[in-house]
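S.K.:
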Amino acid sequence: MSRRWPTASVEKVEGMQRCASQKLSGWGRYPVEECHVYRPEKRRALPAILESGLEQSYIPRGLGRSYGDAAINRDRGVIDYSRLNRMMSFDPDTGVLECEAGVSFAEILDAFVPRGFFLPVLTGTKFVTVGGAIANDVHGKNHHVDGTFGNFVESFTLMTATGEILTCSPESNGEVFWATVGGIGLTGIILGARIRLRRIETAYVLVDYLRAANIDAALSAIAASDAQYQYSVAWVDCLAKGASLGRSVLMRGNHAGRDELPSSLGEPLRIRPRWMKTIPFDLPGFTLNPLTIRAFNTMYYSIHRDSVRTPVEYDSYFCPLDSIHHWNRMYGRRGFVQYQATFPLSDGKGLIDLLERISRSSRASFLAVLKRMGPAGKGLLSYPCEGYTITLDIPMRGDLIAFLHELDRHVLDHGGRLYCAKDAAALPETFAEMYPGIEAFKQVKGRLDPHNRFSSSMARRLGLVPQ
Amino acid sequence: MEPSAIMQTTRGVVVLGATSAIARAAAIEFGRQGYAVVLAARDADEGVIVATDIRVRCNTKAEFIAFEATDYAGHASFFARCREILGEGLEGVVLGFGFLDDQKKAQKDPETARRTIDVNYTAAVSILELFAQFFEERKKGFIVGISSVAGDRGRQSNYLYGSAKAGLTAYLAGLRNRLYPAGVHVLTVKPGFVDTKMTFGMEGLFLVATPERVGKDICKAVARNRNIIYSPWFWHYIMLIIRHVPEIVFKRLRM
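Quick mapping for you: the protein sequence lines, in order, are chains A and W. Taking my numbering, the leading residue of the first sequence gets 1, the next gets one more, and so forth. Taking my numbering, the leading residue of the second sequence gets 1, the next gets one more, and so forth.
(1) Excluding sequence positions up to five away, which residues of its chain have a Cβ less than 8 Å from the Cβ of Ser126(W)?
(2) Figure out for me which residue from Pro320(A), Ser316(A), Arg417(A) has the closest Cα to the Cα of Leu354(A).
(3) So which residues of chain W does Ser89(A) contact, with C-beta pairs closer than 7 Å?
(4) Give the residues from the segment 362-385 of chain A that approach chain W closer than 7 Å (Cβ to any Cβ), ordered along the chain.
(5) Using only CA atoms, which one of Ser248(A), Ala421(A), Gly147(A) lies nearest to Asn136(A)?
(6) Skipping 5 residues on each side, what residues in its chain have a beta carbon closer than 7 Å to that of Ala106(W)?
(7) Check whether chain A comes within 7 Å of Ile49(W), counting only Cβ atoms and requiring the distance to be less than that.
(8) Is it buried or exposed, Phe118(A), if we count other Cβ atoms within 10 angstroms and call 16 or more buried?
(9) For the beta strand (DSSP E) that Leu90(W) lies in, which residues bound it at each end?
(10) I need the straight-line Cα distance from Leu448(A) to Ser57(A), nearest angstrom please.
(11) Within a Cβ cutoff of 6 Å, which residues of the same chain sit near Gly379(A), ignoring the five residues on either side of it in sequence?
(12) Within its chain, find whatever has a CB closer than 6 Å to the CB of Val465(A); leave out the 5 residues flanking it on each side and keep chain order.
(13) Would you grab the beta carbon distance between Arg57(W) and Ile28(W) for me? Rounded to a whole angstrom, and I think it's under 8 Å.
(14) Assuming Leu206(A) and Ala221(A) make a contact with CB atoms under 8 Å, what is their CB distance in whole Å?
(15) For a contact meaning CB atoms closer than 8 Å, what does Arg115(A) contact in chain W?
(16) Distance check for Asp69(A) and Ala223(A), CA to CA, integer angstroms please.
(17) What first and last residue would you give for the alpha helix (DSSP H) that runs through Pro211(W)?
(18) Is there contact here, the segment 12-22 of chain W with the segment 32-50 of chain W, by at least three beta-carbon pairs under 8 Å?
(19) According to the neighbour-count rule (16 or more other Cβ atoms, all chains shown, within 10 Å of its Cβ), is Thr391(A) buried or exposed?
(20) For Lys216(W) and Phe79(W), I'd like the C-alpha separation in whole angstroms.
(21) Among Ala124(W), Phe67(W), Met202(W), Trp233(W), which one has its Cα closest to the Cα of Asp101(W)?
(22) Checking 7 Å against the spacing of the C-beta atoms, do Gly192(W) and Leu172(W) come in under that value?
(23) Given that Cys19(A) touches chain W, what residues does it touch there, using C-beta distances under 7 Å?
(24) CB Tyr81(A) to CB Pro114(A), shorter than 7 Å?
(25) Buried or exposed for Asn297(A), going by 16 or more other Cβ atoms inside 10 Å?
(26) I believe Phe131(W) touches Val93(W) by the beta-carbon criterion, under 8 Å. Please report the beta-carbon distance rounded to the nearest angstrom.
(27) Can you name the residues of chain W whose CB is closer than 7 Å to the CB of Arg447(A)?
(28) Starting from Val444(A), trace the alpha helix (DSSP H) both ways and give me its first and last residue.
(29) So, at 6 Å on beta carbons, what are the nonlocal neighbours of Asp208(A) in its own chain, with the 5 sequence-adjacent residues on each side left out?
(30) Compare the C-beta of Thr52(W) against all C-beta atoms of chain A and say whether one is closer than 7 Å.
(31) For Lys165(W) versus Ala150(W), is the C-beta spacing smaller than 7 Å?
(32) With a threshold of 7 Å between beta-carbons, can Glu46(W) be considered close to chain A, or not?
(33) If I follow the unbroken beta strand (DSSP E) through Gly371(A), where does it start and stop?
(34) Contact criterion: CB-CB distance below 7 Å. Does Arg86(A) meet it with respect to chain W?
(35) Measure the C-alpha to C-alpha separation of Gly273(W) and Val13(W) and round it to an integer number of angstroms.
(36) What residue from Gly204(W), Glu212(W), Arg155(W), Asp109(W) has the CA that sits closest to Arg32(W)'s CA?
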């Protein structure tokens with residue numbers, strides 16, 4: 001296609017629907033790129049934007065919680081879907097909620113926890129949209145038991161490049177369904193979805209805390225008893241060395257039943273509003289350095305005592321950082337990369353080596369998180385697969401990309417893979433080797449969107465669409 | 001669809017211009033507090049979606065009625081319809097519609113200028129008078145008018161919109177004075193920069209608030225019987241300064 005699309009200085013599409021030229025990034029604030037942002041507030045504005053021919057390509061975006069470049073599109077269109085956030089129906093008998101893709105997890109929890117329903121899969125932040133959760137096929141602390149969010153999607157509607165609206169479910173348009181689940185927005189725009197909520201008796205999780213002196217102790221505790229818990233996650237100290245390498249605090253739990261809570265907690269489906277803190281501006285780059293993080297990690301490890309069946313409000317257990325608005329500003333103006341990789345169960349050594357590399361490099365990372373994952377789902381580009389997944393934040397500095405490529409190579413050598421929702425730097429050949437579903441994905445993409453009207457900075461970087 | 005009789009027993013509120021982001025946010029807040037909500041807007045497709053959302057999200061009653069602000073002749077029958085749906089429960093109204101076009105365009109095009117004044121002022125007066133009379137007779141109720149900080153002082157960049165909103169602010173003040181003896185509460189809301197369709201992509205905005213924040217402020221102010229609020233609150237101080245710049249200086253500024 002040699003047709004040239006006029007870009008930039010686009011003022012208006014359909015009345016007051018403006019385009020804003022903005023510097024956008026993911027949550028990690030690296031990379032930052034100029035994008036042309038459209039934010040429809042009415043359903044009919046969406047086809048008007050797509051048909052306007054003003055942009056070479058578009059990528060839908062929710063609340064911008066992907067860390068890297070999944071939801072940015074340099075010098076091209078970004079469709080901010082956050083204002084199409086209306087709920088359409090709810091059936092208390094089946095727990096099926098139908099809503100527009102811009103509805104956030106936070107909104108669903110606010111509306112339905114008091115009625116005794118919970119998200120089937122809850123990410124580490126509730127500030128993600130349903131559309132983003134499908135496009136990244138997100139997982140939560142229950143992946144070892146329940147799998148990914150995609151498992152709980154009954155169906156969704158997808159607007160494709162031709163403007164056609166497809167209703168997709170595992171049964172109908174199944175191929176498109178599994179290309180879109182985990183397909184980082186490249187098959188079209190998810191308009192709305194029907195998702196299955198889970199019944200709960202209380203808004204609390206009964207959490208067992210267990211400290212593990214090093215990574216081996218942590219892995220064996222996880223292997224021994226994760227099956228007893230619906231939710232399981234471990235916090236890992238990435239700076240500890242030697243015999244303490246990978247010392248951890250395991251936090252595992254189950255939804256609390258009504259009669260399992262002390263009556264002092266009051267109405268069991270209500271939680272107290274949290275005190276919200278905000279980081280008002282970028283902290284200086286040196287705020288987080290090996291010294292402060294080592295101090296933090298040591299403190300964190302020592303304040304957590306082993307305990308059983310502690311009632312914890314769902315909010316604090318699942319989304320601890322959500323109470324600090326703009327926590328990403330902690331890493332300063334240059335931002336950070338969140339690195340997440342899964343190693344197969346058979347390869348514990350790969351994981352330990354990775355921890356050693358990070359620990360050696362003194363690239364400070366706190367809040368490293370370890371979790372055992374269950375079997376992979378059917379999404380062609382879905383990240384989760386059986387094994388151990390580790391997540392860590394690494395502050396951006398000049399030589400980081402080369403270091404990340406080294407880590408990527410290491411992950412690949414051990415049969416592991418990276419997560420698109422986090423990635424900001426992987427090379428296309430590395431990615432292709434990690435995701436055997438890539439060819440099947442490209443075929444579906446080629447059929448639905450032969451002219452690549454849906455594209456993103458990530459898609460071009462990873463070679464999912466041509467440059 | 002016939003509204004259910006249950007709506008008539010719960011307290012209810014009418015939200016005018018319900019497809020605008022601020023009005024919708026306020027409607028959701030009222031819904032959360034258990035109000036039955038009647039949503040009125042010109043755009044029926046979107047209005048029905050917004051009403052459905054409130055039903056599902058807030059587990060409350062919500063109905064949509066088509067409403068054209070400048071169809072003055074239709075105001076009486078619209079009001080009758082609200083009464084029919086909410087019955088004795090009708091307790092409040094939120095005026096949330098407004099119209100802002102480019103100031104330069106409005107200066108050259110009398111139609112745009114007139115529409116700015118008609119929607120923001122004339123239509124507001126016409127519809128609110130009906131509610132005011134009803135609440136006055138019942139000696140109970142509240143009226144929320146969403147005005148704007150733009151009405152606090154005319155500036156070259158948006159004085160047509162601003163002057164219409166200034167008219168609305170003065171009207172609401174008079175209404176408050178009139179209805180006070182009847183125990184009817186009138187709240188004037190002056191939002192600062194809010195992240196809506198009106199402002200999306202505009203340059204030079206600062207301290208932009210979310211519509212949800214303004215919606216929460218409105219509900220809280222109704223519960224607390226406030227007269228005039230700025231939302232977010234610090235706009236009170238920004239406008240205090242702007243209002244007190246001497247005209248001899250102000251006329252020279254580029255604002």
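All C-beta atoms in this analysis are idealised placements derived from N, C-alpha and C, irrespective of residue type, glycine included. Just so it is clear, the structure is predicted and the values come from calculations on it, not from any experiment.
M.R.: The short version:
(1) For this step, residue 126(W) is matched to residue 126 along the second sequence. Cβ within range, chain order: Tyr72, His75.
(2) Start at 1 with the first residue of the first sequence, and residue 354(A) comes out as number 354. Residue Arg417(A) is the option with its Cα nearest to Leu354(A).
(3) Working through the first sequence from its first residue, we reach residue 89(A) at position 89. Near Ser89(A) (Cβ distances below 7 Å), the residues of chain W are Val56.
(4) Listed by position, the residues of the segment 362-385 of chain A near chain W (Cβ gap below 7 Å) amount to none.
(5) As a working note, residue 136(A) is residue 136 in the first sequence. Relative to the Cα of Asn136(A), the nearest Cα in the group Ser248(A), Ala421(A), Gly147(A) belongs to Ala421(A).
(6) Position 106 of the second sequence, counted from the start, is the residue given in the question as residue 106(W). Correct list, in chain order: Thr112, Ala113, Thr116, Leu160.
(7) Position 49 of the second sequence, counted from the start, is the residue given in the question as residue 49(W). Chain A contact via Cβ: present.
(8) Within the first sequence, residue 118(A) is the residue found at index 118, counting from 1. Buried, since its Cβ has 16 or more Cβ neighbours within 10 Å.
(9) Here residue 90(W) refers to the residue found at position 90 when the second sequence is read from its first residue. Residues 90-95.
(10) Within the first sequence, residue 448(A) is the residue found at index 448, counting from 1. Within the first sequence, residue 57(A) is the residue found at index 57, counting from 1. Spanning the alpha carbons of Leu448(A) and Ser57(A) requires a straight line of approximately 14 Å.
(11) Here residue 379(A) refers to the residue found at position 379 of the first sequence. Taking C-beta separations shorter than 6 Å and ignoring five residues to either side along the sequence, the partners of Gly379(A) in its chain run Asp137, Gly150, Trp178, Val181, Gly182, following chain order.
(12) Mapped onto the first sequence, residue 465(A) falls at position 465. So the list reads Asn452, Ser455, Ala459, once near-sequence residues are dropped.
(13) Here residue 57(W) refers to the residue found at position 57 when the second sequence is read from its first residue. Here residue 28(W) refers to the residue found at position 28 when the second sequence is read from its first residue. Rounded to the nearest angstrom, the Cβ distance from Arg57(W) to Ile28(W) is 7 Å, consistent with a contact under 8 Å.
(14) Residue mapping note: residue 206(A) aligns to position 206 of the first sequence, counting from 1. Residue mapping note: residue 221(A) aligns to position 221 of the first sequence, counting from 1. Not confirmed; about 18 Å, so no contact.
(15) The residue you call residue 115(A) lines up with position 115 of the first sequence. Per Cβ cutoff of 8 Å: Asn59.
(16) As a first step, residue 223(A) is located in the first sequence; it is residue number 223 there, counting from the start. As a first step, residue 69(A) is located in the first sequence; it is residue number 69 there, counting from the start. Their backbone Cα atoms lie some 34 Å apart in a straight line.
(17) Counting from one through the second sequence, the residue named residue 211(W) turns up at place 211. Run containing Pro211(W): 211-223, per the alpha helix (DSSP H) assignment.
(18) At 8 Å Cβ cutoff, the stretches touch.
(19) In the first sequence, the residue the question calls residue 391(A) occupies position 391. Result: buried.
(20) Taking the second sequence and counting its residues from 1, the one referred to as residue 216(W) is at position 216. Taking the second sequence and counting its residues from 1, the one referred to as residue 79(W) is at position 79. As the crow flies, the alpha-carbon of Lys216(W) is around 26 Å from that of Phe79(W).
(21) Indexing the second sequence from 1 puts residue 101(W) at position 101. From the listed residues Ala124(W), Phe67(W), Met202(W), Trp233(W), the smallest Cα separation to Asp101(W) is found for Met202(W).
(22) Taking the first residue of the second sequence as position 1, residue 192(W) is located at position 192. Taking the first residue of the second sequence as position 1, residue 172(W) is located at position 172. No. Outside cutoff.
(23) Taking the first residue of the first sequence as 1, we reach residue 19(A) at position 19. Gly201, listed in chain order.
(24) Here the question's residue 81(A) lines up with position 81 in the first sequence. Here the question's residue 114(A) lines up with position 114 in the first sequence. No.
(25) Residue 297(A) sits at position 297 when you count from the first residue of the first sequence. Result: buried.
(26) Within the second sequence, numbered from 1, the residue matching residue 131(W) stands at position 131. Within the second sequence, numbered from 1, the residue matching residue 93(W) stands at position 93. Contact flag correct, Cβ pair sits at about 5 Å.
(27) Counting from one through the first sequence, the residue named residue 447(A) turns up at place 447. Simply none; closest approach about 31 Å.
(28) Numbered from its first residue, the first sequence carries residue 444(A) at position 444. Note, Val444(A): alpha helix (DSSP H), 438-448.
(29) As a first step, residue 208(A) is located in the first sequence; it is residue number 208 there, counting from the start. So the qualifying residues of the chain are Arg252, Val308.
(30) Translated into positions along the second sequence, residue 52(W) becomes position 52. Answer yes: the Cβ-Cβ gap between Thr52(W) and chain A drops below 7 Å somewhere.
(31) By one-based count along the second sequence, residue 165(W) stands at place 165. By one-based count along the second sequence, residue 150(W) stands at place 150. In contact: Lys165(W) and Ala150(W) (Cβ atoms closer than 7 Å).
(32) Stepping through the second sequence from its first residue, residue 46(W) is reached at position 46. It does: the Cβ of Glu46(W) has a partner Cβ on chain A nearer than 7 Å.
(33) Counting from 1 along the first sequence, the entry for residue 371(A) is found at position 371. Just to set this straight, residue 371(A) is Lys in the shown sequence, not Gly. That run of the beta strand (DSSP E) goes 368-373.
(34) Mapped onto the first sequence, residue 86(A) falls at position 86. Yes, its Cβ sits closer than 7 Å to a Cβ of chain W.
(35) Here chain W comprises residues numbered 1 to 255, so residue 273(W) is not present and cannot be evaluated.
(36) Here residue 32(W) is taken as the residue at index 32 of the second sequence, counted from 1. It is Glu212(W) whose Cα lies nearest to the Cα of Arg32(W).
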